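Structure, as structure tokens:
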Amino acid sequence: MNRRPIKIAVAGAGYGRKVALPVYREMEEFEPVACWSHTPARARKLADEFGVELGTSDFDELLSVPGLEAVHVATPVVTHLPFARAVTDRGMHLLCEKPLAENLASARQIAEAVRSAGVVGTVGYSLRMKQTRRRVIETAREVVGNPRMVSISLVHSDHAHSESRPYTWVHDASLGGGRLQGYGVHDLDLLLAIFPAVEAVVAALEVGVPMRISDGGQMRRVTAEDAYGVLLRFKGGGLGVVTLVATARHGRKDLIEIYGDEGTVRMDSDFRLWSGRAGEDLQVEGPLSNDSQEAFKEVASNFWLSVREGRPPNPSLEEGLRVQALFDAIKIADSERRWVTPEPVA
Numbered sequence: 174m175n176r177r178p179i180k181i182a183v184a185g186a187g188y189g190r191k192v193a194l195p196v197y198r199e200m201e202e203f204e205p206v207a208c209w210s211h212t213p214a215r216a217r218k219l220a221d222e223f224g225v226e227l228g229t230s231d232f233d234e235l236l237s238v239p240g241l242e243a244v245h246v247a248t249p250v251v252t253h254l255p256f257a258r259a260v261t262d263r264g265m266h267l268l269c270e271k272p273l274a275e276n277l278a279s280a281r282q283i284a285e286a287v288r289s290a291g292v293v294g295t296v297g298y299s300l301r302m303k304q305t306r307r308r309v310i311e312t313a314r315e316v317v318g319n320p321r322m323v324s325i326s327l328v329h330s331d332h333a334h335s336e337s338r339p340y341t342w343v344h345d346a347s348l349g350g351g352r353l354q355g356y357g358v359h360d361l362d363l364l365l366a367i368f369p370a371v372e373a374v375v376a377a378l379e380v381g382v383p384m385r386i387s388d389g390g391q392m393r394r395v396t397a398e399d400a401y402g403v404l405l406r407f408k409g410g411g412l413g414v415v416t417l418v419a420t421a422r423h424g425r426k427d428l429i430e431i432y433g434d435e436g437t438v439r440m441d442s443d444f445r446l447w448s449g450r451a452g453e454d455l456q457v458e459g460p461l462s463n464d465s466q467e468a469f470k471e472v473a474s475n476f477w478l479s480v481r482e483g484r485p486p487n488p489s490l491e492e493g494l495r496v497q498a499l500f501d502a503i504k505i506a507d508s509e510r511r512w513v514t515p516e517p518v519a
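Now the structure itself:
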């Protein structure tokens with residue numbers, strides 16, 4: 174097979190540096206040619222680190238690289254819409270990080286811009302590609318039946334005190350920060366892959382460490398949540414609970430438990446998958462791989478297949494819109510202290 178590489182640029186020096194650029198540089202299907210950061214010096218440093226032609230803080234300059242075909246947008250959430258529009262206006266393909274945008278209206282505009290330009294668009298829900306979560310989804314579809322109770326619990330210690338994690342955009346609600354956009358949307362994506370019909374949600378978002386030190390040594394106020402609790406009611410019955418605390422003094426790996434009317438699926442903190450139908454003993458599989466870079470390789474490979482061979486995007490923008498609708502409902506539920514029904518996504 175001719176794996177003619179896609180010339181791609183990466184916008185964003187966080188996830189872009191940690192995962193995207195290392196993976197693109199390794200894969201024969203991609204040729205990373207440029208990177209963007211809002212700080213010129215950081216952009217140049219990133220370009221030097223990964224050996225790409227251009228490191229810039231000028232997004233128009235990024236898009237003007239000769240032969241550029243696609244852009245991976247891994248920037249603060251509030252910039253996704255203008256950046257995505259700029260990419261699609263140039264007729265380039267788009268891989269946009271999750272969530273698609275700061276709200277459903279903006280996410281729909283991104284999807285429409287992709288459709289109007291006739292280019293490929295996908296959203297970076299890479300966690301579903303991890304072997305751990307992929308097997309949870311596959312096995313739950315086989316054995317669980319209708320939901321009775323679903324629980325996804327994350328306990329992290331990386332934000333435990335004011336100096337454990339320097340202040341960045343993820344601590345600023347006005348930029349679309351918060352752990353719900355960082356982690357929770359992946360859990361919502363997993364839930365919707367198994368049980369797509371959510372009737373209503375109620376939620377509470379919390380800031381446990383209100384001040385955080387910046388790179389300049391100044392203390393800045395945190396406005397985006399570092400903990401959350403979400404309760405979901407599925408259509409036809411059953412509940413879901415999604416929680417995270419990022420400020421625990423002792424963290425642990427994720428726990429996923431799915432109890433249905435026909436069977437059970439559990440992913441324990443040692444990445445072992447337990448499953449069984451009613452009347453059977455639980456069987457164990459694993460430990461399974463939970464590698465983030467390997468998961469992103471699958472997202473990238475799917476993107477290449479969509480661009481070069483016309484395969485349907487996976488994850489699709491439509492899936493991104495469904496998560497966005499649920500994400501928006503959670504935000505409203507927290508601010509208005511009530512049950513909220515997610516907006517339908519056609």
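Residue numbers (the working numbering): 174 to 519. Every residue, glycine too, gets a C-beta built ideally from N, C-alpha and C. This one's a predicted model, so the numbers in the text were calculated from it and none came from an experiment.
- Cβ atoms of glutamine 391 and valine 250 stay farther apart than 8 Å, at about 24 Å.
- Counting along the chain, aspartate 507 sits inside no beta strand (DSSP E); it lies in the alpha helix (DSSP H) bounded by residues 490-509.
- Per DSSP, valine 293 has no beta bridge partner at all.
- Secondary-structure assignment with DSSP links tryptophan 512 through no beta bridge to anything.
- Annotated three-state conformation of phenylalanine 407 is strand, per DSSP.
- Cα atoms of glutamate 509 and threonine 396: separation of roughly 17 Å, rounded to the nearest angstrom.
- Per DSSP, the unbroken beta strand (DSSP E) holding glutamate 372 starts and ends at 371-379.
- Look at tyrosine 340 here: in three-state DSSP terms it is coil, with no helix or strand label.
- Taking leucine 219 as the centre and dropping the five residues before and after it, the same chain places the C-beta of Ala186, Arg190, Cys208, Ser210, Gly228 closer than 7 Å to its C-beta, in chain order.
- Of Leu428, Arg198, Ile503, Ser335, the smallest CA-CA separation from methionine 384 is found for Ser335.
- Counting C-beta atoms within 10 angstroms of its own C-beta, aspartate 501 has 16 or more neighbours from the protein chains shown and is therefore classed as buried.
- If you ignore the 5 residues before and after aspartate 345, its C-beta comes within less than 7 Å of the C-beta of Thr396, Ala397, all in its own chain and listed in chain order.
- For isoleucine 325, the closest C-alpha among the options Ser479, Asp441, Tyr197 is that of Asp441.
- In the three-state reduction of the DSSP assignment, tyrosine 188 falls in the helix class, which pools H, G and I.
- Residue environment analysis places arginine 288 among the exposed positions, since fewer than 16 neighbouring C-beta atoms fall within 10 angstroms of its C-beta.
- Phenylalanine 203 sits away from proline 239, with the two beta carbons spaced by 8 Å or more.
- Per DSSP, the beta-bridge partners of glutamine 456 are Ser448.
- Taking 8 Å as the cut-off, the Cβ atoms of alanine 419 and alanine 400 count as close.
- Secondary structure note for phenylalanine 203: its beta strand (DSSP E) is the uninterrupted segment 203-209.
- Between alanine 193 and the set Ala247, Ile283, Gly224, the nearest pair of CA atoms involves Ala247.
- Within the segment 297-342, the runs of beta strand (DSSP E) that reach at least 3 residues and sit entirely inside it are, in chain order, 320-328.
- The Cβ atoms of histidine 332 and valine 382 sit closer than 8 Å to each other.
- With a threshold of 16 other beta carbon atoms within 10 Å, proline 320 meets it and is buried.
- Relative to glycine 318, the option among Pro369, Asn463, Val293, His266 whose CA is nearest is Pro369.
- Here threonine 252 is not near proline 486, since their CB atoms are 8 Å or more apart.
- Residue state for glutamate 435 is assigned as coil, using DSSP reduced to three classes.
- For leucine 363, no beta strand (DSSP E) segment is defined; the enclosing uninterrupted segment is the alpha helix (DSSP H) at 358-367.
- Here DSSP, grouped into helix, strand and coil, assigns alanine 473 to helix.
- In this structure, leucine 327 and tyrosine 356 form a Cβ contact; the two beta carbons are roughly 6 Å apart against a cut-off of 8 Å.
- DSSP places glutamate 222 within a helical segment (H, G or I) once states are collapsed to three.
- If the five residues before and after leucine 478 are omitted, its C-beta is found closer than 8 Å to the C-beta atoms of Arg484, all from its own chain and listed in chain order.
- When DSSP reads this structure, threonine 229 sits in a beta bridge with Trp209.
- Secondary structure note for valine 418: its beta strand (DSSP E) is the uninterrupted segment 412-418.
- In the three-state reduction of the DSSP assignment, histidine 253 falls in the helix class, which pools H, G and I.
- Non-local beta-carbon contacts of lysine 470 in its own chain, meaning distances under 7 Å to residues more than five positions away in sequence, involve Val196, Met200 in chain order.
- Counted as a single uninterrupted DSSP element, the beta strand (DSSP E) harbouring valine 246 occupies residues 243-246.
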